[in-house]
Structure formats: structure tokens, C-alpha cells
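Trainee: Protein chains in written order, with our numbering: chain G, 1 to 557; chain S, 1 to 557.
From the three backbone atoms N, C-alpha and C, an ideal C-beta is built for every residue, glycine too.
The model shown is predicted, which means the values in this text are computed figures rather than measured ones.
Protein chains: 2
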Amino acid sequence: MPENEKTDFITVPDQGLFFVPLGGVGEIGMNFALYACDGSYLAVDCGIGFAGDGLPGIDMLLPDAEYAARVSKKIKGLVITHAHEDHIGAVGKLWRDLKCPVYVTPFAAEMLETRLDEECLLGRVPVVVVNEGDYIDLDPFEIELVSMTHSIPESSSLLIKTRYGSVFHTGDWRFDDAPVVGKAPDYKALKELKSENILALVGDSTNVFVDGDIPSETDVRDSLTEVFARARGKGLIVTCFASNVGRLESIAAAARENGREVCLLGRSLWRVEGAGRAAGYFRDYPFFLTDDEASGYTPDKIVYVCTGCQGEPRSALSNLSYDVGPVRLKKGDVIVFSARVIPGNEQAIANVQNRLIARGAELVTAKDALVHVSGHSGRKDMQKLYAFLKPRTAVPVHGEAAHLHEHADLARASGVKNVCLIADGDVLRLAPDDPETVGKVKTGVMAVDGKKIIPLNSSVLRQRRRMIDDGTVVATVVLNDKGEVLGRIQFSAVGLIENDSDEFAVLEDAVKAALSENAEYAADDKTVSDAVKAAVRRVVVETHGRRPMVDVHLVRV
Amino acid sequence: MPENEKTDFITVPDQGLFFVPLGGVGEIGMNFALYACDGSYLAVDCGIGFAGDGLPGIDMLLPDAEYAARVSKKIKGLVITHAHEDHIGAVGKLWRDLKCPVYVTPFAAEMLETRLDEECLLGRVPVVVVNEGDYIDLDPFEIELVSMTHSIPESSSLLIKTRYGSVFHTGDWRFDDAPVVGKAPDYKALKELKSENILALVGDSTNVFVDGDIPSETDVRDSLTEVFARARGKGLIVTCFASNVGRLESIAAAARENGREVCLLGRSLWRVEGAGRAAGYFRDYPFFLTDDEASGYTPDKIVYVCTGCQGEPRSALSNLSYDVGPVRLKKGDVIVFSARVIPGNEQAIANVQNRLIARGAELVTAKDALVHVSGHSGRKDMQKLYAFLKPRTAVPVHGEAAHLHEHADLARASGVKNVCLIADGDVLRLAPDDPETVGKVKTGVMAVDGKKIIPLNSSVLRQRRRMIDDGTVVATVVLNDKGEVLGRIQFSAVGLIENDSDEFAVLEDAVKAALSENAEYAADDKTVSDAVKAAVRRVVVETHGRRPMVDVHLVRV
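#1: Return no unless some Cβ of chain S is closer than 8 Å to the Cβ of Gln310 (chain G).
#2: With a cut-off of 8 Å, does the C-beta of His544 (chain G) fall near any C-beta of chain S?
#3: Let me confirm a value: Asn351 (chain G) is counted as buried when at least 16 other C-beta atoms fall within 10 Å, else exposed. Which label applies?
#4: Which value, in whole angstroms, describes the spacing of the CA atoms of Val478 (chain G) and Glu508 (chain S)?
#5: Taking 8 Å as the threshold (C-beta atoms), are Phe388 (chain S) and Lys183 (chain S) in contact?
#6: Cβ of Val555 (chain G) less than 8 Å from any chain S Cβ?
#7: So, does the stretch 59 to 76 of chain S touch the stretch 116 to 124 of chain S, judging by three or more C-beta pairs under 8 Å?
#8: Against Asn319 (chain S), what residues of chain G qualify as contacts under a CB-to-CB distance less than 9 Å, listed in chain order?
#9: Is the stretch 451 to 460 of chain S close to the stretch 524 to 540 of chain S, with three or more CB pairs under 8 Å?
#10: Tell me, please, which residues DSSP counts as bridged to Ala36 (chain G).
#11: Grab me the residues of Ala316 (chain G)'s own chain with a C-beta within less than 7 Å of its C-beta, minus the 5 sequence neighbours each way, in chain order.
#12: Run through DSSP, which three-state label would Ala69 (chain S) get?
#13: Say whether the stretch 356 to 372 of chain S touches the stretch 196 to 205 of chain S, bearing in mind that this needs 3 or more beta-carbon pairs closer than 8 Å, one atom from each stretch.
#14: Roughly how far, in whole angstroms, is the beta-carbon of Asp64 (chain G) from the beta-carbon of Met446 (chain G), given that I think they are within contact range, below 8 Å?
#15: Express the C-alpha separation of Pro548 (chain G) and Ala275 (chain G) in angstroms, rounding to a whole number.
#16: Between Ser250 (chain G) and the rest of its own chain, which residues show a CB-CB distance below 7 Å, the 5 nearest in sequence each way excluded?
#17: By DSSP, does Ile468 (chain G) sit in helix, in strand, or in coil?
#18: Taking buried to mean at least 16 other C-beta atoms within 10 Å of its own C-beta, is Lys161 (chain G) buried or exposed?
#19: Please classify Ile357 (chain S) as buried or exposed, where buried requires at least 16 other C-beta atoms within 10 Å of its C-beta.
#20: Just the chain S side, please: which residues come within less than 7 Å of Leu496 (chain G) by C-beta, in chain order?
#21: Where does Phe287 (chain G) land, buried or exposed, given buried means 16+ other C-beta within 10 angstroms?
#22: Curious, which full-length beta strand (DSSP E) runs of at least 3 residues does the stretch 55 to 138 of chain S contain?
#23: Suppose only complete runs of 3+ residues qualify. What are the beta strand (DSSP E) ranges in the stretch 236 to 264 of chain S, listed by chain order?
#24: Between the beta-carbon of Gly203 (chain S) and the beta-carbon of Val460 (chain S), is there less than 8 Å?
#25: Just how far apart, CA to CA, sit Gly212 (chain G) and Lys440 (chain G)?
#26: Only counting the same chain, and skipping five residues up and downstream in sequence, which positions put a Cβ closer than 6 Å to that of Glu144 (chain G)?
#27: Please state the DSSP three-state secondary structure of Phe388 (chain S).
#28: Please list, in chain order, the chain G residues whose beta carbon lies closer than 9 Å to that of Val25 (chain S).
#29: Find the residues of chain S that neighbour Gln463 (chain G), judging by a C-beta separation of less than 8 Å, and give them in chain order.
#30: Under the DSSP definition of a beta bridge, which residues are partnered with Tyr304 (chain S)?
#31: Can you look up Thr170 (chain S) in the DSSP assignment and give me helix, strand or coil?
#32: Kindly indicate if chain S contains any beta-carbon less than 8 Å away from that of Arg537 (chain G).
#33: Helix, strand or coil, according to DSSP, for Gly276 (chain S) in the structure here?
#34: Is the beta carbon of Asp86 (chain G) sitting closer than 8 Å to the one on Gly52 (chain G)?
#35: For the stretch 338 to 354 of chain S, which residues have a beta carbon sitting closer than 7 Å to at least one beta carbon of chain G?
#36: At the 8 Å Cβ level, is Ala401 (chain G) part of the contact set with chain S, yes or no?
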């Protein structure tokens, strides 16, 4: 993630139409954007990012909402394109900065409820439930929810109409002529949008490196049916993203074809099941089994659907691989990985897979059969959409630098006149005149650290990294007014020295020696502390090869 | 990595020929194996593993050498197949357990020197320099070094002859008919080995999922020459593994063809350059430039070779991506990634690449051109080797469970009679009679933590993980004999609470309140400590949502 360099920030001008991404442009995750039209704002999506290895103890990332908070009085509403965490997951944490109505479809509303509840915001946030195809009037914006297929129900592109013209904000999307939930794309309607004078297409770049045709979810359903048929008589486990309701329906259909019931393992699957049923999904499948209920069936009559397709620790699949949890794996059981590998999770997934293989399981992955399709448009779909909409301007978003650059090339090759490569915080004027980046607003990444939200450069995080690399020691020394040590010198070296180690005796000797060497300066706190620090550090460098942070609790009585 | 379950360990029997892997079978890395013949031992390779995310602060992993140490008197020698860290990197750390002569080729000897020096073992370890093709007589073993191609010079398979027959221990290998350093394979000699009565092939599984022909290093050299030609007039940077001397020669050849000098950036490149020259490589390239020397040339006359192809922080390439270090990147500069992606490093590499792209660099990766080939045999080469040697037994090693299982299938399909799927610590009898796992010896993984070597289940590591997830607080309370607090109550909460936070005042109030509530038990250390701990924990749970470890330094004066 690029850190903010010293920049002069601007306020978005009061005249014109602007796109101001506050997250998701330069990274995959933390999607959060503002549109500004003549001084009024529309917010689109408000998602989290996932913390990488360099951020120990951090639960998730949030876009910096400082600019949004500054203009919150002018924000007419927050429209959520779909219920994935990187689009909706930060609403609970950041709503107090926005304080505007939140527009969501029924399924997203169900998924949002938990998040708002966690933040004690239930009933306080004006949540407006809208449906695909609806119009939302947030003068000077009129927003049409254009239904698109994605790997979660009710994903919409937004057609944002203003007096300057319209912006097509794709959200996450693909064309699927035979989706399992939702409708096939209305190509005719999309083509007609051209007449809307599409100023700009602000588009998903995730799969810009994917060539060729991407099969339909119905193809996956059929392929799963075959895979399940080949597993006849064996234990059968499928892991997929919990929020992929269409995939769950595909699995349920394939199970039914093969005379198996579906048992869900893992909390997030049950959460999605609940949200899905409340929003009208799973109508053909009136119930799924709990592990308790499934224990009454023979293994060849069940498909277990597990959380943990990304190798998450303590997920249902990870538990299976360690032979803990309610279900026991047997040699020859078939485990289907019906999900993609999110970059960064390769090794965690491989570790789970290796443990499962070592227990005798037979794996079926996307390399072996069509058990997964992406919910993002590949190059072909992207080219098709550019051909339908003929936007004057393309703004690649939802990608890392590599994706954005490649998307820019694709847009140019698709005949788009203006292609704008921008980054989080850029203020891109879309109208009037040709598009132009007119300045930057403050943006950045915040880290969720338990209940706290801290900046990435917080000293707490720096210390945490040093604690890991160099260790930390706290030494307590009590001195009387003559500078004599009272009581016992005590040490804590959590995560550095074993509790019962005789190194503590060595530390004590070293500190005592340092104190007597500096006896003449005993009245000076800093000299005493520094001498203790140096002594502790010397011992630890010698024995551990680490230069720890040392805190001295010097008490004078 | 599988943790040891409770097992009854055995001692390897005194009669027969046994293979006892102590590392590298079930993981990629930490290659370390014993062969036992009638009570005498031969050690093969002694490498490190790389610590994953779950091991904060750990520099590298070592195989547990406890069993080797137990039988060290009977170990005739340690033969190193090649100089990669996962085969040679643990010699310095573990030699004191083995105390046997170490047999290495000239290049490996150069590379080993640094490691031995770091451990104060230079001159103390009997290092015997041998050449490819040599025989090593370690009665009851006679070992022939069979030259093979790999991504480092002087990689050998070992033909281990015993009175029971011969074992072909492949090490890391591939067939390359046109390598840039070393010789093309002697297929005729390999075919003749069949007459040796090959009891077992103990073989590399790394690339068992790779189908099709793997091009030669000469093809890479030619392709690099074309890539460099297309970069005419531009800045040109190549990143590759430092130890890949053949690749460095390919780059140097491509540079020369294009009228460019080679400048090395990064310490490990210079280390390999030194070792390589000492062992007789780089003869056609009498010098490489330092960055200082290169600054006298225009950018179009230089190829910079950088460390950091795996996205390593503070490597030359990472520095370039952050615009620090001696060389400045310019828009349009071409950066060639002439290396594979080691599993687990995907995101780190993508992050570097994205930063480089964001700075305007044009990347050339293995997706764009033939700028890298693997040093490991794919399926075709493996099948060929089985056909040449016709071993009675195949023992897949050098792989995770997935690789070992796939290799086992390939060996069976190649007509091998006995295929032994084993794991670290298994004692596999190879002769007499059909192969059989007769028991286990203790094995495991040790973590290098600065100067310390600690077990993976050490309390220090557990505490370090808890420090990250939950935080740690040290509270110092000084009490007089009446149980009154003397001096100031002090706190350290490194990596949890910012140094200047007013939370410390809240903590102090909470601790004071807890002490006065428990005043009647003031004489009891445990009651006082527990009360302080509980009070601190309550505050931190409330404000941070974390349940920290709390150490109380209770001093009585």
C-alpha cells in the first residue's frame, strides 16, 4: 500500500462532477468512493481490507474516512453495490463519520445487520432497502441499480445520472448467461444505456489478466453433479466462500441429484444461510442439516459444506485437517475446493490441502474439474461492456497497480477516448470538459486493532514489530534515598526469555553491577535508567543476539 | 508441518540398509537424511527451512538433530548434494551434533565458509572438497557423485553403493541438454547404472505437477538476449536468485550481446560472485560493476542485476520500488523477473511489482517471455529417470504431502514395484527383503530465534503470539510492610498502548482501587498480584477489546 507522501490537499470544488476514490484504487479491498456533483456527495461502498503479514495483531484494514467526515453534511447517501466484506464490511466502523442513509438490497441488509449490531448501531443507522432495478433519488444524483451477476446475490452496477451526464460504476460484476441465482444479463437494456451519454465507466479490474470465456455457474452446478457422482459411496466434503449463495444452491442441487443431504459446517455458512433465507433464497432447499442432524445419516448420504476454503485457522476445513471438530475424515473421502485462491493465501491453503492429503483424502480442485468460476469479468466481458456503453472516459478501479495499468491498456484498445489512471485520494474531474485530476484529498489506511482504530504508522504497531524482532524487557528497580536497592530487582521478558530461565539471575547480576558502577549518579533517574537499560541490553545481545527494547520501572521510596 | 504425536521411538536396527529422513519429507526445505547400513550411518544434506507467518520473529527452521546426535559416533560423513540453503544451510548450526567430515564440491565449499565462520567453526569442521564424478569411500558406503543439472552449480545425485545394493539419491536435479554452466547429462552412463541393481530411488518431487518439456538454460539465455534487445535505450534491471550462477552467466551473455555491462546490486549477489569466481565460474566475464562504478555509464549501457526476486524487504529490488538505494528508477525502465515464485511469497512479490508498475516500470515476467526455467525435473524427466534406472523401490522425498502422493502415483505408473510413501522420522528398511517402515525415530522442527535454537512449542513462541494478539502489560507496585503503596505505580504496555496515552492514568486508578479493595489481604503476594492483574485486564478489555498477559512486579520494602 502506498504511504502518503507530503501533499497539499484540496477540497473538492463546488462546481462540476468529480470522482474521489478513498479506497480500492491501488489495492484489492477497502472499496470506498465519493462522487461529488456541484458540492453534493454520494458515497459508494464502504469496505474493509485484509491485513497482511507486516501488520501483526491487526484484524482488518479500513480506508481513512477523514475527508468523508469533513464533508459528511453534504453526503446524500451511501449506496452499497453488494454484500462482500470489501464493499460493505466497514459500514459499521465508519458510519459515525458519514452519518447518512445507507441503501442496500434485501440480502445485503441482512448481512449488514450483524455488523451494525457489533457497533451498537442497530436502529440508529437509517438503512433503506432497495431492489435491483430500483432508482434512488439523491438529488443532484439519480442512481439506477443495474442488476449484474457476481459471486454473491444482488450485485449491482450503479448508473449514476447527473446534470453533466451519467457514470456507470460497475461494482463487482461479470456476464453470466445462466446464473444459478439472479437473472441473466439484459444485454439489450445495457446497449440502450449508450444513449444515456455515458461520461465515464468506473470499472472493476480484478480479472483483467484473465483471457477467454468464463463458464457459467450452471456449468459449475453440472460439473459438481458429475464430481459428486464419481464420489459415490464415499464421504464428500465441499469448501466454498460462505457468501456465495449461488454456489451453495449449485452444491445443494448436485447433492440432491446424487441422493445426498447438505450439512453446513461453520458459523459463517449458517449466517449466510439465515440472511439468504430471509431474503428469499434457498427456496428449493427447505433445510440444511446441522452436524448433529447429519450424524444420523451414513456418510454416503451427506455432502458436508465447510468454511475454510482460504486455509483459515480454526475453520471447519482446518479442523477436519487436524482431525478435530464434529466430523471425522476417512481415507478416500473426497474434498472439493469450490473456490479461488485469494492472493496471499496460497501457502495457508496448500498447508490445509497437504494435511488433508496426508490423512488420505482425495482432493478435487479447479485444476481437476470445473468446480469454481470467478464472479469477476474477464477481458472478454470487459471488452463487451465497453462496446455496449461506449463511455467517453474509463477509470480503472478495484485493482492493484498491475491490474489498473492492464485495464487502462484494455480500455484504450476498446476505443475509449480518455483513460484515467488514478489512485486513492485523487480528485478526478469527470465534467465539465475532458477529465482531469485536479488534486488530492487526504486518504490512507487505518488498522483495526481490537476495539481501537489506529494509523498504520502508529508507534504501537512499530513497537509490536520490534517486540517480535528484538524482544522487550521490563526491569523494576526500587531505590531508597541513598541510592540503595530495596527489595528484589524484577524482570519481565515476555516472548523473549523462558519464564524459569536462569538468565534472569544473569540479568540481575548485570543490573546490580551497573548500579554499583554508577553509584555516584544514583540520584539521577536518567543515568540510573540508562545504566540499567544498557546492562540488560548487553546480556540479551550476548545470549540472544537481539537488541531488545528495555523499559525501566525505577521507583524511589 | 505435522507435529509429533505421541510415538514409541526405535533405534535403527544394526543389520540391514535403512533410509531415515530427518527433514524434507512432508515439507519443501530442511533436507536432512540418514542412511544406515549394518549400524553405520551416512548423512546426506543438512538444510534449513523458511519460517512461515505463524512463527513471529523466527529467522529460519532447522530439522531436529537429536537422533543424529545420538548416533553421531557412527556417522561416517555428511555428503552435501549442492549449495542451496535448504540442503547446506544448517551445517553451521547442527555440525556440533554430527561431528563428522563434510564432503562438498568446490563451489559449495566456498558457500559453506561463511556459515561456518558465523558459528566459529572455521578450521574445526573437517571439510573435504570433492568433485562431481568422484567416489567417496565411507565404508560400508561407497558414494559416487553423479553430476546433474540444477539451478546452482555442481549439483549431484548420489549413487550410494552398499553390500545390499545401491540407492540413487537424486538430490535436486533436472535434465538440461544445454546447460550454461556444467555439462549436459550423460544419458548413456545413467542407463548403465541399471546394471548396478538399484534397490531404491530416493527422489525429488518438487515439480511433479509440471507437465511438458522444460526448456534449457541456453533457451533462457537466448530469450534474455531478445528481451534486452527490445529494451534498447532504456534502463534495464533483472532480478534473479543470487545463487543461480548459470542464470548470472546467461544475463552476462545477453548483456554483452547488447553492449551492456553488468552491475550487481545486493550483498548476496556479491557473495555468490566471490564463491563462483573462487570455484572457477564467470571466466568469460572478468568483472562485474559495483553501483559506484556503474554510475559512470549511461543507463542504456548497464544491466543491473538485483537481489529481491521474492519480494524480500530491504533487498535491492525492494529499495528500487521505494526509490531508495543507489539507483533511481525511471519511467519506462524494463524490469525482468528471471525467477520463479516460491510458494508463500506471492503477495510479497506482487507488492513489489505493483510499486514498480506504479513508478512507471515495464515488467517482463515468465508470463511474457522465457526468462526463467526451473532447476527441478518435471514429470517427463522423472519418467525418463525411472526408465533408465529401473529401481525396485521408489521413495518420494523433497515435497509436501501433495507432491509426495503425486510422485508415488507417477512412480507406480512408471512400473516401480515398491513405492514407499513415508514421512520425516520414518525408518524405512530398504534391504534385505521388500522395503518396510519398521518404526520411527524422533524428529521435528527447531526454530532459530536469534542466537537461540528453540522448539516450535516453546513457551517463548506461544507468548510472542499472545503478545501480538492480546498484548502484554507489566505493572510495578511497591508496598511497605503495612501494605501501603510507595512511590508511583508504573506500567509498560509495549505494542499495546501508545507511550503518552492517558490510559495509563486510568490503569493507575484501577490498580489503586483494586489494592484498596483488597487491603485486608495486602500481606499476601498472590492475592495482591491477582487483584492487580484483574484490574489491568478489565481496563484493557474495556478499551482495547484484548485480554492481555499481565506481569506484576510486586516489590515489598
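Mentor: Answer, in terms of the structure:
#1: Counting from 1 along the first sequence, the entry for residue 310 (chain G) is found at position 310. So no, Gln310 (chain G) is outside the interface.
#2: Start at 1 with the first residue of the first sequence, and residue 544 (chain G) comes out as number 544. Interface residue, yes.
#3: Here the question's residue 351 (chain G) lines up with position 351 in the first sequence. Its Cβ being crowded by 16 or more others within 10 Å, Asn351 (chain G) is buried.
#4: Taking the first sequence and counting its residues from 1, the one referred to as residue 478 (chain G) is at position 478. Taking the second sequence and counting its residues from 1, the one referred to as residue 508 (chain S) is at position 508. Those two C-alpha atoms are separated by around 18 Å.
#5: As a working note, residue 183 (chain S) is residue 183 in the second sequence. As a working note, residue 388 (chain S) is residue 388 in the second sequence. In this structure, Phe388 (chain S) does not lie closer than 8 Å to Lys183 (chain S) by Cβ.
#6: Counting from one through the first sequence, the residue named residue 555 (chain G) turns up at place 555. Chain S contact via Cβ: present.
#7: no
#8: Within the second sequence, numbered from 1, the residue matching residue 319 (chain S) stands at position 319. Within chain G, no residue comes near Asn319 (chain S); the closest Cβ sits about 15 Å away, beyond 9 Å.
#9: no
#10: Sequence index remark: in the first sequence, residue 36 (chain G) carries index 36 (1-based). For Ala36 (chain G), which the question treats as bridged, DSSP gives the partners G:Phe18, G:Tyr41.
#11: Start at 1 with the first residue of the first sequence, and residue 316 (chain G) comes out as number 316. Once the five neighbours on either side are set aside, the close Cβ partners of Ala316 (chain G) are Leu265, Gly266, Cys306, Thr307, Gly308, Gly325.
#12: Here residue 69 (chain S) is taken as the residue at index 69 of the second sequence, counted from 1. DSSP places Ala69 (chain S) in helix when its eight states are reduced to three.
#13: no
#14: Along the first sequence, one-based indexing puts residue 64 (chain G) at 64. Along the first sequence, one-based indexing puts residue 446 (chain G) at 446. At roughly 6 Å, the Cβ-Cβ gap stays under 8 Å, so Asp64 (chain G) and Met446 (chain G) are in contact.
#15: Locating residue 275 (chain G) in the first sequence gives position 275, counting from the first residue. Locating residue 548 (chain G) in the first sequence gives position 548, counting from the first residue. Near 49 Å, if we compare the C-alpha coordinates of Pro548 (chain G) and Ala275 (chain G).
#16: Start at 1 with the first residue of the first sequence, and residue 250 (chain G) comes out as number 250. Cβ neighbours of Ser250 (chain G) beyond the five flanking positions: Val180, Glu217, Val220, Arg221, Leu224.
#17: Numbered from its first residue, the first sequence carries residue 468 (chain G) at position 468. Ile468 (chain G): helix per DSSP, three-state reduction.
#18: Position 161 of the first sequence, counted from the start, is the residue given in the question as residue 161 (chain G). That one is buried.
#19: To locate residue 357 (chain S), count along the second sequence from 1; it is residue 357. Under this definition Ile357 (chain S) is a buried residue.
#20: On the first sequence, residue 496 (chain G) is found 496 positions in, with the first residue counted as 1. Under the 7 Å cutoff, chain S gives Val460.
#21: For the purposes of this step, residue 287 (chain G) is identified with residue 287 of the first sequence, where counting begins at 1. Answer is exposed; the Cβ neighbour count stays below 16.
#22: 60 to 63, 75 to 79, 102 to 104, 127 to 129, 135 to 138
#23: 236 to 239
#24: If you number the second sequence from 1, residue 203 (chain S) lands on position 203. If you number the second sequence from 1, residue 460 (chain S) lands on position 460. No. Outside cutoff.
#25: As a first step, residue 212 (chain G) is located in the first sequence; it is residue number 212 there, counting from the start. As a first step, residue 440 (chain G) is located in the first sequence; it is residue number 440 there, counting from the start. Each residue's alpha carbon lies about 37 Å from the other.
#26: Translated into positions along the first sequence, residue 144 (chain G) becomes position 144. The residues are Tyr135, Leu159.
#27: Translated into the one-based positions of the second sequence, residue 388 (chain S) becomes position 388. Residue state, collapsed to three classes: helix.
#28: The residue given as residue 25 (chain S) occupies position 25 in the second sequence. None at all; the shortest Cβ gap to chain G is about 11 Å.
#29: If you number the first sequence from 1, residue 463 (chain G) lands on position 463. Within 8 Å Cβ-Cβ: Val494, Gly495.
#30: As a working mapping, residue 304 (chain S) is identified with position 304 in the second sequence. BP columns for Tyr304 (chain S) point to S:Ile237, S:Cys263.
#31: Numbered from 1 along the second sequence, position 170 holds the residue referred to as residue 170 (chain S). Coil.
#32: Numbered from 1 along the first sequence, position 537 holds the residue referred to as residue 537 (chain G). So, not an interface residue.
#33: By 1-based counting over the second sequence, the position of residue 276 (chain S) is 276. Residue state, collapsed to three classes: helix.
#34: The count along the first sequence starts at 1 and reaches residue 86 (chain G) at position 86. The count along the first sequence starts at 1 and reaches residue 52 (chain G) at position 52. Not closer than 8 Å, so no.
#35: Pro343, Gly344, Glu346, Gln347, Ala350, Gln353, Asn354
#36: Residue numbering aside, residue 401 (chain G) sits at position 401 when the first sequence is read from its first letter. Output row for Ala401 (chain G): interface = yes.
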